[in-house]
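Residue numbers (the UniProt record's numbering): 1 to 176. Encoded as structure tokens, the structure appears first; notes follow it.
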Amino acid sequence: MLHRNGSFAMPAITIRVAGPEDREMLDLLIAASYATLDDGSYDPARLASAMPAISRANPALLASGTYFVAEIDGEAAGCGGWTKTKPGSGETVDGVAHIRHFATHPAHLRKGVARALLDRCLAEAAASGIGLMKSQSTLPAEPFYASAGFRRIRVIEVEAGKGVTLPVVEMERALS
């Protein structure tokens with residue numbers, strides 16, 4: 001939003017806990033967001049095969065109490081959360097948590113949505129005794145996480161649907 005004096009103001013972002021009732025809306029938001037992954041970072045055929053599995057809200061995350069919806073003027077602009085369980089395996093390690101399924105609707109990119117969600121996740125995790133946050137970042141999102149203090153560990157392949165894997169960047173950041 002442009003002010004009369006020529007300065008810009010960021011829109012007000014509100015964040016609330018997501019629930020199962022948000023699933024249909026988040027399916028649409030995540031699908032729109034993940035459609036932007038086709039930026040040349042991934043093999044187009046592998047990405048197309050993975051989209052049905054990765055572009056839907058995870059019911060377990062929606063029931064977790066640590067998955068959030070960011071809204072601008074009452075409209076869902078992004079989502080994301082954190083859990084103590086590792087994606088894909090469900091294993092837990094004391095003091096370690098994981099960033100989970102972040103997405104920003106393309107109409108709301110560069111408005112601070114993902115950063116507001118990430119800040120909420122990091123603050124809640126730290127308050128609950130977590131000392132290390134991990135992330136399995138998409139290739140295009142690596143710079144975002146790096147700008148928030150995450151460091152690259154390595155590139156790994158993760159299951160993204162039956163018989164489909166995609167490379168992601170395993171990253172981590174200390175919270176204390």
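Here a beta-carbon is modelled for each residue, glycine too, at the ideal position from N, C-alpha and C. Note that the structure is predicted; figures quoted are calculated from it, not measured.
**Q.** DSSP state of Val113 mapped onto helix, strand, coil
**A.** Looking at Val113 - three-state DSSP - the assignment turns out to be helix.
Q.
Please report the distance separating the alpha-carbon of residue 186 from that of Tyr145.
A. The chain is shown only over 1 to 176; residue 186 falls outside these bounds and no answer can be derived.
Q: Could you name the residues of the same chain whose beta carbon sits closer than 6 Å to that of Thr36, not counting the 5 residues immediately before and after it, in chain order?
A: Cβ within range, chain order: Pro106.
Q: Express the C-alpha separation of Gly74 and Pro11 in angstroms, rounding to a whole number.
A: Just so you know, the alpha carbons of Pro11 and Gly74 end up roughly 11 Å apart.
Q) For the beta strand (DSSP E) that Tyr67 lies in, which residues bound it at each end? A) 67 to 72
Q: Measure how close the beta-carbons of Gly117 and Ile30 come, nearest whole angstrom, since I'm counting them as under 8 Å.
A: In the sequence under discussion, the amino acid at residue 117 is Leu, which differs from the Gly named in the question. With a Cβ gap of about 13 Å, Leu117 and Ile30 do not count as contacting.
Q: Starting from the Cα of Leu166, find the closest Cα among Arg23, Ser41, Ile13, Glu21 and give me that residue.
A: Per the Cα distances, Ser41.
Q) The beta strand (DSSP E) with Glu170 in it runs from where to where? A) 165 to 174
Q. From Ser64, Ile130, Arg23, Leu47, pick the residue whose C-alpha is nearest to that of Pro140; which is it?
A. Leu47
(Q) Please report the straight-line C-alpha distance between Val164 and Ser49, rounded to a whole angstrom. (A) 7 Å
Q | Strand pairing of Val17, partner residues [DSSP] | A | Phe68
**Q.** Pro44 versus Thr85: straight-line alpha-carbon distance, rounded
**A.** 30 Å
Q: May I ask you to report which of helix, strand or coil DSSP gives Thr83?
A: strand
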